[in-house]
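Quick notes on the structure that follows.
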Amino acid sequence: MSFGFILRRLGGAIPLLLGISLILFTIIHLAPGGPLDMYTDNPAVSQEALDQIARAYGLDQPVPVQYFLWLKAMVVGDWGYSIRTGRPVLTEIALRLGPTLQLGGLALLVSLCVAIPLGVLSASRRGSALDNGLTLASFTGISVPVFWLALLLQLLFSVQLGWLPSAGYQSIGDGSFLDRLSHIVMPAAVLSLATIASWSRFIRSGMVDVLDQDYIRTAYAKGRGERGVLLFHALRNAMIPAVTVIAVDFGTVISGAVITETVFAWPGIGRLFMESMDGRDYPMLMGLMMMGSIGIILANIVADLAYAALDPRIRYG
Amino acid sequence: MADLSLSPATVVPPQSYGRRALRRFLKHKAAVAGLLFLLVMGLIVLIGPIVSPYAFDAQDFMLIGSPGPISSAHWLGTDELGRDALTRLIHGGRISLAVGLAGAIVSTVVGTLVGAIAGFYRGWTDTILMRFTDVILCIPTLPLVLLLSGLFRPSPPLLVAIVGILIWMGTARLVRSQFLALREREFVEAARALGAGGARLMFRHILPNAIGPITVAATLAVGSAIMLESALSFLGFGIQPPVPTWGNLLNSASSWLSVAPWLAIPPGLCILFTVLSVNFLGDGLRDALEPKE
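Chains as they are written, first to last, in the numbering used here: chain S, 1 to 317; chain V, 1001 to 1293.
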């Protein structure tokens, strides 16, 4: 895999990001209402004050001019200021990135540790009761609405059993490792369920394709045990199609888990997005959406690189 | 000398494509069960509101204040405004299923059009359309849907459009690849030689040959659309109360979770089993319409 390939892919991301920003900016700025709505109902705020705020944020300019001003600042790394708090967009994001990365990272790590064994097991016992059961389970996992699952877990573990706190990042005045762990268990479980279900399906179908290959028969014929064949001969090749899906799911972590963070009052990027929606905080919304898109684009590039690393037949010039 | 001709008894009459597809579909038990469930669910949401003794927004003023328990008069209890939960569940199903179906139709039509035009004309048209598809694919879906529905406060038809235009990209890519392969086939060339124009070639000659994968994608889109709508309504950005949907029923039930858990269970079960049935149906249709052998 060549350095040139990475550079070219990163270069290709620039027109993509331009297109994305143009679409998002248009959507956000053409919508009825605006960030000043929260002041207009307040009789203590005069029209002059409103005009002054609008001028300060450039909201009095025509939308195309606003876009070019935004773009010009963005190019030199200035993401603008939150209208709601007055702090830089990047500062706001940095404050919330930690909890989101903890939650998303933990959920995806758990997903990897569970999905790979399940997929391998399912494929190696193809057609058995176990395989059918796991297939049914993964279809169910893909079809469960996450917010409902979150409510059920809260009902069971917080309301009925009282084992886990129903929401929040940590208890007030606490913050020990155990306290934080008890807060992250349920949201992480909810988040990982869907990814476990979908990844194990991809790994299963990858394994099923690979297990029919001649080299697997050869490995068995050489006297290699089942475990050795599955883990050392089959899995690596079976992972190739799954890697793309897994990498892209990793890329979406950065845009936060809006639903899960909302239900569990998790102070991450997803909640920041919902708060910015309430306040029609244009610069925040632009910043958050752009960051999410960058995450997905980078994940796609990483997926292609991982693809080449796993499959020596693929070479990017 | 062996007789090489076959006796008539051993000749199996060739079965039509549709008949073979039907046989393959019926072998997929989960898909058949899913189809039956969806039919029953469709029937319930169609006739339920007619036979129910309550209107979806009728309030029993004696029961206002907090959710009422399950009773012989209210089989699934009442909500905090004294409205019958079962009636609202069935009425909500009407809305959720309708938004799901309509969203899937929008997404399939848009996806098929974009994919067909890109795959048929290739060149610059293809580049521009597929670049646009890439751009939409790189924006995180749920935040984008929230952005659109939160800022524009859509009416139900607009909501359907929003849901539909955010899940068409998969269909577009699929249809494009089908068209790229099919446009080189002899029958297309024959039709072209007979003087068929672009639109006729695309929709009369090529499209019917790609209908299998499109049907599967359209089915799965119903599931995505139902899920997306219920997520939006749950977060308060979709269909607004008093009109119920499975999503906003769960939203209002969530504030009474510890007092009245019976309100939070049925809407979720409805979404789960409906989406599960749709996914099984899609899987069965894939086995039936896109045989691997």
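By construction, the Cβ of each residue, glycine as well, lies at the ideal position given by its N, Cα and C atoms.
Just so you know, these numbers come straight off a predicted model, no measurement behind them.
| query | result |
| --- | --- |
| Count the other CB atoms within 10 Å of the CB of C1270/V; is the residue buried (16 or more) or exposed (fewer)? | buried |
| Anything in chain S within Cβ reach of S1254/V, meaning under 7 Å, just list it in chain order. | L151 |
| Pick helix, strand or coil for G1068/V, following the three-state DSSP scheme. | strand |
| Counting pairs of beta carbons, one from the segment 238-250 of chain S and one from the segment 203-223 of chain S, are three or more of them closer than 8 Å? | yes |
| Under a CB-based cut-off of 7 Å, is G141/S close to chain V? | no |
| DSSP beta-bridge partners for Y169/S? | DSSP output for Y169/S lists no bridge partner at all. |
| Taking just the CA atoms, how far does P1266/V sit from L1272/V? | 10 Å |
| Going by DSSP in three states, E1293/V sits in which element: helix, strand or coil? | For E1293/V, the pLDDT reaches just 46, beneath the cut-off of 50, and the residue's location in the model is therefore unreliable, although a value from the coordinates is still provided. Reduced to three states, the DSSP call for E1293/V is coil. |
| Counting pairs of beta carbons, one from the segment 213-225 of chain S and one from the segment 131-139 of chain S, are three or more of them closer than 8 Å? | no |
| Using a Cβ cut-off of 7 Å (strictly closer), state whether S1066/V contacts chain S. | no |
| Assuming contact is defined by CB atoms lying nearer than 7 Å, are A1055/V and L1263/V in contact in what I supplied? | no |
| Report the start-end ranges of each alpha helix (DSSP H) in the segment 1106-1167 of chain V that is 4 residues or longer and not cut off at the edges. | 1123-1137, 1141-1152 and 1156-1164 |
| Is it buried or exposed, G162/S, if we count other Cβ atoms within 10 angstroms and call 16 or more buried? | exposed |
| Exposed or buried, what is A1210/V when buried is set at 16 or more other beta-carbons lying within 10 Å of its beta-carbon? | buried |
| Using the Cα positions of N237/S and G292/S, report the straight-line distance between them to the nearest angstrom. | 30 Å |
| List, in chain order, every chain V residue whose beta-carbon is nearer than 7 Å to that of S255/S. | P1140 and P1143 |
| So, is E48/S buried or exposed, given that buried needs 16 or more other C-beta atoms within 10 angstroms? | exposed |
| Measuring alpha carbon to alpha carbon, tell me which of S1155/V, L1228/V and D1283/V ends up nearest L1033/V. | In the sequence as presented, Leu is not what sits at residue 1033/V; that position holds Ala. The candidate whose alpha carbon is nearest that of A1033/V is D1283/V. |
| Just to confirm my understanding: we take L191/S, look at its own chain, exclude 5 residues before and 5 after, and list those with CB closer than 6 Å. What are they? | A107, A257 and T260 |
| DSSP three-state label for Y81/S, please. | strand |
| Below 8 Å on C-beta distance, what does I259/S contact in chain V? | L1142, A1231, F1234 and L1235 |
| Below 7 Å CB to CB, which residues in the same chain sit around V146/S once its five sequence neighbours on both sides are set aside? | V190, A194, I259 and T260 |
| Suppose you measure from the CA of H1205/V to the CA of A1031/V; what does that come to, to the nearest Å? | 30 Å |
| Exposed or buried, what is R1176/V when buried is set at 16 or more other beta-carbons lying within 10 Å of its beta-carbon? | buried |
| Mind listing the chain S neighbours of N1248/V? Cutoff is C-beta to C-beta under 8 Å, in chain order. | Going along chain S, no residue has its Cβ under 8 Å from N1248/V, so there is no contact; the nearest lies around 11 Å. |
| For V1275/V, which option in Y1121/V, S1224/V and A1196/V has the closest C-alpha, if you only look at C-alpha atoms? | S1224/V |
| Who are the near neighbours of F264/S in its chain, counting only those whose CB is closer than 7 Å to its CB and skipping five residues on each side? | A150, A167, M186 and P187 |
| Please work out which residues of its chain come closer than 7 Å, Cβ to Cβ, to W1075/V, disregarding the five sequence neighbours upstream and downstream, and give them in chain order. | L1086 |
| Specify whether the segment 219-227 of chain S and the segment 137-146 of chain S touch according to this definition: at least 3 beta carbon pairs, one from each stretch, less than 8 Å apart. | no |
| Report buried or exposed for I203/S, applying the criterion of at least 16 other Cβ atoms within 10 angstroms of its Cβ. | buried |
| Could you please give the first and the last residue of the uninterrupted alpha helix (DSSP H) stretch that includes H183/S? | F177 to L211 |
| Confirm, please, whether the CB-CB distance from A1191/V to L1312/V is below 7 Å. | Coverage of chain V is limited to positions 1001 through 1293, which leaves residue 1312/V absent and any answer about it impossible. |
| Out of P312/S, I301/S, T252/S and V253/S, state which residue places its alpha-carbon closest to the alpha-carbon of G405/S. | This structure cannot speak to residue 405/S, because chain S is shown only from 1 to 317. |
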